[in-house]
Structure formats: structure tokens, C-alpha cells
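Participant: Okay, here's the structure, questions in a sec.
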Amino acid sequence: MTVTSSRSRRAGWVGAAYAAPTALIVGVFFIVPLLLVGWMSLHDWPLLGLPEINAPENFTAMADNELIADAAWFTVKYTVIITVLLFAVAFGLALLVQHQRRGVGLLRTAFFLPVAVGFASASLLFLGLLSQEIGPFKTDEYISWTSGSPSLALGSAVVLVLWRFAGFNMLIMLTGLQAIPTELYEAARIDGATRFQIFRRITVPLMRPTIALVLTLMIAGSLLAFDQFWILTRGGPDNSTTSLVMVIYREAFIRLDLGAAAALSVVLLGVLVVFNVIQFGVLRSRRGA
Amino acid sequence: MRGTSPQRAMLAVLASAALVLGMAACSEGKTNTPAALAVDDGATLTLWTRAATEGVSKKFADAYNATHKNKVQVTAYPNEEYPAKLASAAGARALPDLFASDVVFAPQYASENLWLDITDRVNALPFKDKLAKAHLDNAVWKNKNYAVPHTIDMSVMLYSIDLYTKAGLDPSKPPKNLNEFADHARKIDALGGDVNGTYFGGNCGGCNVFTLWPSVWAAGGEVMDKEGTKSTVNSKEMADVFALYRKLYDEGVAAPAAKDEAGPTWLGALQGGNIGIAPGPSVWLGLIEEKGVKMGVAPITGISGGESTFIGGDSMGIGATSTKAAQAWDFLQWTMGDEAQVEVVAKNKGIPFRTDLAANKYSSADPRIVTINNLVAKGRTPYAKNFNATYNDPQSPWIATFRGAFFGPDAKKALDDGAAKLTASLQKS
């Protein structure tokens, strides 16, 4: 009795010791900053000097900020567009290269390669490519791909994001596809199922956890969009491509109002949490059904 | 991020070393007051600047390091990243010993106390009254000095000698007023082909502040009150200037790319040699001529005459968290001295920010440089605490305002609405 309990107690300590480094890192780099942002959002927080409590001013002041409503609407619009397109392209690519065939290795590498380019560098690369002044593609009629019109600017950013992220999401979905046992496909084929039936009844249901993961990553990433607009379109033309994170950046580093920036971050975090809870809820109920 | 801990450790070592040195300087200072203001005792000083100013800062540092015991180390950051870099350094109480800022952002940094109060040191300068006044005054907050001029860049009219000649205009007679400027631009535009009459940054806040406001000042108008709290962007003088450029764009005299120019390709457009005459930064003179385009320089004028300029450039002050203020001041004081102004600034075709050194042995070799240097006394630097958020930032109300005035359906309404929005932004605490 005593032997086993002391052994299990020791095992508990060992387990805790193994988990400690991770817990420490999560604590220092995730929980502490999170609490700090919440704390900051309640204060008038200067760069130097002592903060003063001013709650709830940082939150109520959002109502006067004209940029926020437009940026929120744009961010949602962008998230919907990019999630649909990116999912379709990435899934398509994954289906294209899921079987071992001649040349598939080359294709997989080619699709995945853009991931190796930093996102900011990729944005700069597109800025140069799309420029009529310094880029390689010149049209007879002058056209600005990055700030000629709101839809052109958004379109350019979408193409950039598709190019940069399709390969990464393809890879995740490829692992999902390859986890489906081939016996299932064989059995279905013997039963005389068509390609479409196989896709609908076997591939999609068994891919559900992977799809959920990919969608969660895409939605969270899109709601936090920054680099592509900050560098490629500078939020323009006429603030038509200003994302929420750009508004946060403006509050923090242009207006030097850290409290207001923290308050906006807290709100955005809340929205993200709600989105994720809904997503996981949907996922779980489908799995139960 | 990865570099944080070694940096911290080094900072700690440097800080403690500086503390010891600082104490030594203080005790020495009790007997000899000037020594307390500026000390050259072999300290290592960190200096931050943005890429646009890096060249000048490095030349200053090299010349200073060669003749002093203190050593200045220059670190430059990309222009867009720089304000964020400073803000995070301030938050971490790890500002460099010296840092530069765009002169129009100086009131904001001063009000946030990111620089040390150097009022006593500035007042002790024998040449204080000879420093470019508009520039110096921009780093004042509540009657205290926080920074001194570091570089000067002014807005001027740049025009292509070749295109002037081709269009039958006399390159020795640049426009005397904005209407003449428009006429010249039209004549050059008529040459056709890839040639355009003029160019401007139709989607760039900083560019238009820099190039359009002098025309308003030259006409005796104002764009903003002296305290930087109320916008008069809908004044007649400003509206006239917008209308003139709007017309040039509508007629196709301004290059079509002007509408979307956000800044990055502005210099490239002028270097191409296909633009007749356009306002731009004086420091680009050398950069354009490097590409084989011969340029003339003229002052920016008002609609019917007068001339003015926007005195831009960078201010530099001592980081508020620095423990080496006396050593840092030794460097700053030296950069404003005769030797640095002539042998570093003027020699490299820069503009001395000492008005008594406008004419010097290097400037007299090029009459265009004399034209530019003499403008320092006529120019202005607008003062506003919220300058960046109101005018420079891509999401600023200024950009929305002038885009309405240049390209929108109703210029007058854009300016009236804009004035209200600009004033609100300027007054935000």
C-alpha cells in the first residue's frame, strides 16, 4: 500500500517535472502577456512613466474611432473570401498530389516552397512584382494593382495570401488524406461507388477533423491579417483595405496610446474565442451525429 | 526576440560602467560646470536612426569617433519600422543613448518624455541663435528643449534641364509662381511619348505636407494654427493649390501614376528622367543626377508669387533612459559645431543647419546649393503633437482629405469635412 502510493506520488512529481518547462514557457510567453494586455486595457498607459487607471475609457472611446467599424467589416469580408478560396485551392492541391505518381514529389515541393519565404518578404516581393514602375509586368494603360481601386487592392492581397499559404494548408490536408485507410476506398470501389460518391461518403467525413483544424487556422489567421495589407496596400486606397490589427498598430505605435491598443486587442481576442467556440461546437455535434 | 537576453546583459554591464563614469563626471563637474554638460571619456554610445538618415548619421559618427575618446555606434532601422522600434524600446526602458526622429514627430516624442530635457545644455550653446529656428523649435514641449537638429531636408522644385530645353523653355528661368509652374508643366507634357509634365504623391501623406504647404505659406496662408490644434485645410490658399494640381492631373499633365503614388516609387519616377518639373526633397538632387538626369533647383512658390519651403529632416536627442547624457551631449554639441557642419555636412552636399554657415567653401562651388541653403531662413516646420497620426500615417484623415480634393467628386466638401476631421485628430489627447 505505502509502497505503491509513494511510487505513484514520485511518478506524479516526475510528470510535473517533465511538464514544467512547457508550463513555464506557456506561462511566461502566453499567460503573463495575456493578463498584462487585459490590465493595460484598463489604464492610460504611457510609454515611460506611471500608468493611471481610466477604465472604461479605452473601451468607450472605440465608439468615436471611425476606422474601427470599417476595419471590422473589411476584416470579416476578407476572412470569408480568403477562407473559402484558400480552402478550395489547398484541398484541390492536396487531392492532386495525394497519390504516389511520377513527378508528384516535384509538384508537392513546388506547391510547398512559398512557405519558406517569410510573409513580410513575400509581401515586398509582390509589391515589386505588381509595381508598374519597377515590376516586370507593364501594361500599355497604366494600372495600379495595389492601390488603383479597393477591389484590385484586395484581389492582389488575396492572390498573395493564396500563393503563400496554399502549400502549407495542402500539406496538412495531405496528412489527413493519407490517414484514410486504402481498404475503405477499395471496398467502396468493389461496391460500385462512383468517384463522387467516394469523395462525399468517405473522404469528406473522414477528413472532418483535419478540415476543422485547417479552417480554424485560416479563420484565426485572417482575422489577425496585418503584413499583407500593411506592406502591399498600406490599408488603401482610401482605407478600403485596413484590417483590425492595423488599427491596433496605429493606436499603439502611431498614436502611442497603449491603453487603447490593448483594449482593442482584448475585444479582438474575445471575437476570436467566440469564433473558435462555435467552430468546435459545430465539429463536436457533427461528430456525435 | 532571440537577441534579448545577451542584449540585456550587455546593457547591464554598459549601464553599470556608465554609472561609474557618470559619477566620476559629476564629481569632476562640481569644480568645472561645462565639463558636466559634455564629457569625452571613452564611453560607447548607441545611436538609432531610420534608414533615410543613416548615411548622414554614419558620417557624423565616423568623423567624431576618429577624433574623440567616446565611440558612437550607429544602428539604422527601416523607415516604416522605426517608430514602432522606438516605442517598444521605450516600453522596455531600453532606449539608446541617442536617437533621431523625423522632425515633425519631435513634439510627440518630447511630450512623451522619450528624450531627456536638454534645455540648459541648448541654452549654453554659443551658436544657439544660429541654429535653424523652425527645426529647433519643433523639439520643444512646454518651453523645454528635448532635441536638436540632426539633418535638414527641404522641399524644392526640381526640374529637368533637358526637358526644359526640348520644350523651348529657358532652364535658367524656373517658374516664379505656381501658375507659371503649371504652364511649364503643360508645355513639357506636350512633348508627348513617355514624358509627363509633373508628378506628385497622390496617395502619400508625408509627401503632400512637404510639397504643398510651402505654396500656401508663400501665398500668406496657413494650413494649421501655431499650436498644432486646429486645421485650416479649407482656407482659400490651400484650396487654390489643390485645385491647381487637380487640374494638372485631370488634363493628364501629371503622370497617371501620381494618383497611386504612396511614396516608395516617388524617387524612382523622378530618376526616370521623364518628368518635367515637380516638387520634391532637396536631398534628391544628387540621387537623381546619379542616374544621369540633369536637374535644376528652384524654390517652391505660391499661386501668384512668393516662395517658401518645408524644413524637414531629423531631430536628435538623448534617450530618456540613457545613463550617459554628458557623453551623448558631447557628440550632439560637436555635430552642430563649425567643423562638423562644414567638413561633414556641407562637404557631402548636405544643408548646414547653422544659418551662419549657409555660405561655405563647398557650397560656393554649386550655385544650386546656395539657392537651397538660403531657403533655410525662409522655411517653416509645422508643429503638432499628433502630426504622425493626423498627416503621415496611411490611415490619417489628411490622406482622405487631399484624395477627396484631388480626385473626389466634390473638392470643396472634401476640404470642409477634412478640416473638421483634422482638427479632431489634432486635438485628441
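Line order of the protein sequences matches chains U and X. Each step along the first sequence adds one to the number in my numbering, with nothing skipped, and position 179 is 168. If you count the second sequence from 1, you need to add 240 to reach my numbering. We put the CB at the ideal spot given by N, CA and C, even for glycine.
1. State the Cα-Cα distance for the pair proline 198 of chain U and alanine 79 of chain U, rounded to the nearest angstrom.
2. Check whether the stretch 402 to 411 of chain X and the stretch 422 to 441 of chain X touch, using three or more Cβ-Cβ pairs below 8 angstroms as the test.
3. Give the DSSP bridge partners of tryptophan 381 of chain X, in chain order.
4. Sorted by chain position, which residues of the same chain lie with C-beta nearer than 7 angstroms to alanine 109 of chain U's C-beta, five sequence neighbours on each side aside?
5. Using a C-beta cutoff of 8 angstroms, does glutamate 352 of chain X count as contacting chain U?
6. I'd like to know if aspartate 500 of chain X contacts chain U, where contact means its C-beta is closer than 8 angstroms to some C-beta of that chain.
7. Taking the alpha carbon of valine 69 of chain U as the reference point, which residue from U:Met207, U:Pro103, U:Gly156 has its own alpha carbon closest?
8. Taking buried to mean at least 16 other C-beta atoms within 10 Å of its own C-beta, is serine 267 of chain X buried or exposed?
9. For glutamine 667 of chain X, return the contacting residues in chain U, with the cut-off set at a CB-CB distance below 7 angstroms.
10. My understanding is that valine 449 of chain X touches serine 555 of chain X, with C-beta atoms under 8 angstroms, so please give their C-beta distance in whole angstroms.
11. If you drop the 5 nearest sequence neighbours on each side, which residues of the same chain put their C-beta closer than 8 angstroms to that of isoleucine 543 of chain X?
12. Which chain X residues sit within Cβ distance under 7 angstroms of threonine 231 of chain U?
13. Rounded to whole angstroms, what is the Cα-Cα separation between tyrosine 386 of chain X and proline 226 of chain U?
14. Grab me the residues of glutamine 87 of chain U's own chain with a C-beta within less than 8 angstroms of its C-beta, minus the 5 sequence neighbours each way, in chain order.
15. In whole angstroms, what is the alpha-carbon distance linking leucine 277 of chain X and leucine 119 of chain U?
16. Taking buried to mean at least 16 other C-beta atoms within 10 Å of its own C-beta, is valine 15 of chain U buried or exposed?
17. Roughly how many angstroms lie between the CA atoms of valine 256 of chain U and glycine 461 of chain X, to the nearest whole one?
18. What residue range does the alpha helix (DSSP H) around methionine 478 of chain X cover?
19. Note the first and the last residue of the continuous beta strand (DSSP E) segment covering arginine 290 of chain X.
20. Counting only beta-carbon separations shorter than 8 angstroms, does isoleucine 57 of chain U have a partner in chain X?
21. Start and end of the beta strand (DSSP E) containing alanine 518 of chain X?
22. Please name the residue or residues paired with methionine 159 of chain U in a DSSP beta bridge.
23. Hey, could you find the ends of the alpha helix (DSSP H) serine 205 of chain X is sitting in?
24. Can a CB atom of chain X be found closer than 8 angstroms to the CB of proline 40 of chain U?
25. Let me see if you follow: with CB-CB separation under 8 angstroms, is asparagine 43 of chain U close to chain X or not?
26. Against chain X, with Cβ distances strictly below 8 angstroms, would serine 30 of chain U count as a contact?
27. From proline 139 of chain U to threonine 222 of chain U, what distance separates their C-alpha atoms?
28. Taking Cβ-Cβ distances shorter than 7 angstroms, what residues in chain X pair up with glutamine 121 of chain U?
29. Nearest to isoleucine 200 of chain U by CA position, among U:Phe76, U:Val106, U:Tyr131, is which residue?
30. To the nearest angstrom, report how far apart alanine 0 of chain U and alanine 214 of chain U are at their CA atoms.
31. Drop a sphere of 10 angstroms on the beta-carbon of glutamine 186 of chain U, count the other beta-carbons inside from all chains shown, and report buried for 16 or more, exposed for fewer.
32. Three or more beta-carbon pairs under 8 angstroms between the stretch 277 to 295 of chain X and the stretch 305 to 323 of chain X, yes or no?
33. Quick one: is glycine 520 of chain X buried, meaning 16 or more other Cβ sit within 10 Å of its Cβ, or exposed?
34. Between which two residues does the alpha helix (DSSP H) containing aspartate 656 of chain X stretch?
35. Less than 8 angstroms between CB atoms is the rule here; does alanine 146 of chain U satisfy it with respect to chain X?
36. For the alpha helix (DSSP H) that contains glutamate 547 of chain X, what are its first and last residues?
Facilitator: Reading from the atomic positions:
1. Here residue 198 of chain U refers to the residue found at position 209 when the first sequence is read from its first residue. Here residue 79 of chain U refers to the residue found at position 90 when the first sequence is read from its first residue. The alpha-carbon atoms of proline 198 of chain U and alanine 79 of chain U are separated by roughly 16 angstroms.
2. yes
3. The residue given as residue 381 of chain X occupies position 141 in the second sequence. Paired residue(s): X:Lys384.
4. Position 120 of the first sequence, counting from 1, holds the residue named residue 109 of chain U. These residues qualify, in order along the chain: Asp216, Ile220.
5. Looking up residue 352 of chain X in the second sequence gives position 112. The beta carbon of glutamate 352 of chain X falls within 8 angstroms of a beta carbon belonging to chain U, placing the residue at that interface.
6. If you number the second sequence from 1, residue 500 of chain X lands on position 260. Taking Cβ atoms only, chain U reaches closer than 8 angstroms to aspartate 500 of chain X, which makes this a yes.
7. Counted from its first residue, the first sequence places residue 69 of chain U at position 80. Considering only alpha carbons, the answer is U:Met207.
8. Position 27 of the second sequence holds residue 267 of chain X. Its pLDDT being 40, under 50, serine 267 of chain X is placed unreliably in this model, and the value from its coordinates should be taken loosely. By the 10 Å Cβ count, serine 267 of chain X comes out exposed.
9. Locating residue 667 of chain X in the second sequence gives position 427, where the first residue counts as 1. Chain U residues near glutamine 667 of chain X: none, gap ~12 angstroms exceeds 7 angstroms.
10. Here residue 449 of chain X refers to the residue found at position 209 when the second sequence is read from its first residue. Here residue 555 of chain X refers to the residue found at position 315 when the second sequence is read from its first residue. No, valine 449 of chain X and serine 555 of chain X are not in contact; Cβ-Cβ is about 16 angstroms, not under 8 angstroms.
11. Stepping through the second sequence from its first residue, residue 543 of chain X is reached at position 303. Cβ neighbours of isoleucine 543 of chain X beyond the five flanking positions: Asn417, Leu418, Asn419, Ser455, Ala459, Glu477, Asp480, Val481, Leu484.
12. Within the first sequence, numbered from 1, the residue matching residue 231 of chain U stands at position 242. Simply Gln635.
13. The residue you call residue 386 of chain X lines up with position 146 of the second sequence. The residue you call residue 226 of chain U lines up with position 237 of the first sequence. Whole-angstrom Cα-Cα distance: 36 angstroms.
14. As a first step, residue 87 of chain U must be located in the first sequence, where it is residue number 98. Excluding residues within five positions, the ones whose Cβ falls inside 8 angstroms are Leu163, Leu166, Gln167.
15. Stepping through the second sequence from its first residue, residue 277 of chain X is reached at position 37. Stepping through the first sequence from its first residue, residue 119 of chain U is reached at position 130. About 53 angstroms.
16. Numbered from 1 along the first sequence, position 26 holds the residue referred to as residue 15 of chain U. Flag for valine 15 of chain U reads exposed.
17. Looking up residue 256 of chain U in the first sequence gives position 267. Looking up residue 461 of chain X in the second sequence gives position 221. So the two alpha carbons sit approximately 44 angstroms from each other.
18. Walking along the second sequence from the start, residue 478 of chain X turns up at place 238. Segment 476 to 490, the alpha helix (DSSP H) holding methionine 478 of chain X.
19. Stepping through the second sequence from its first residue, residue 290 of chain X is reached at position 50. It spans 284 to 290 - the beta strand (DSSP E) in which arginine 290 of chain X sits, taken as one unbroken run.
20. As a first step, residue 57 of chain U is located in the first sequence; it is residue number 68 there, counting from the start. It does not; no Cβ of chain X falls within 8 angstroms.
21. The residue given as residue 518 of chain X occupies position 278 in the second sequence. That run of the beta strand (DSSP E) goes 517 to 521.
22. In the first sequence, residue 159 of chain U corresponds to position 170, counting from 1. Beta-bridge pairing links methionine 159 of chain U to no other residue.
23. The requested residue 205 of chain X does not occur in the structure, where chain X is confined to residues 241 to 669.
24. As a first step, residue 40 of chain U must be located in the first sequence, where it is residue number 51. Judged by the 8 angstroms Cβ criterion, proline 40 of chain U is not in contact with chain X.
25. The residue given as residue 43 of chain U occupies position 54 in the first sequence. False, the Cβ-Cβ gap to chain X never drops below 8 angstroms.
26. Here the question's residue 30 of chain U lines up with position 41 in the first sequence. No, because no Cβ of chain X sits closer than 8 angstroms to the Cβ of serine 30 of chain U.
27. Within the first sequence, residue 139 of chain U is the residue found at index 150, counting from 1. Within the first sequence, residue 222 of chain U is the residue found at index 233, counting from 1. Distance between the alpha carbons of proline 139 of chain U and threonine 222 of chain U: 9 angstroms.
28. As a position in the first sequence, residue 121 of chain U is number 132, starting the count at 1. Simply Ala497.
29. Locating residue 200 of chain U in the first sequence gives position 211, where the first residue counts as 1. The residue with the shortest Cα to Cα distance from isoleucine 200 of chain U is U:Phe76.
30. Here residue 0 of chain U is taken as the residue at index 11 of the first sequence, counted from 1. Here residue 214 of chain U is taken as the residue at index 225 of the first sequence, counted from 1. Per the coordinates, the alpha-carbon of alanine 0 of chain U lies some 44 angstroms from the alpha-carbon of alanine 214 of chain U.
31. Taking the first sequence and counting its residues from 1, one reaches residue 186 of chain U at position 197. Flag for glutamine 186 of chain U reads exposed.
32. Yes: at least three Cβ pairs fall under 8 angstroms.
33. Position 280 of the second sequence holds residue 520 of chain X. Result: buried.
34. Residue 656 of chain X sits at position 416 when you count from the first residue of the second sequence. Start and end: 651 to 667.
35. Numbered from its first residue, the first sequence carries residue 146 of chain U at position 157. Chain X contact via Cβ: absent.
36. As a working note, residue 547 of chain X is residue 307 in the second sequence. From DSSP, glutamate 547 of chain X is part of no alpha helix (DSSP H) but of the beta strand (DSSP E) over 545 to 548.
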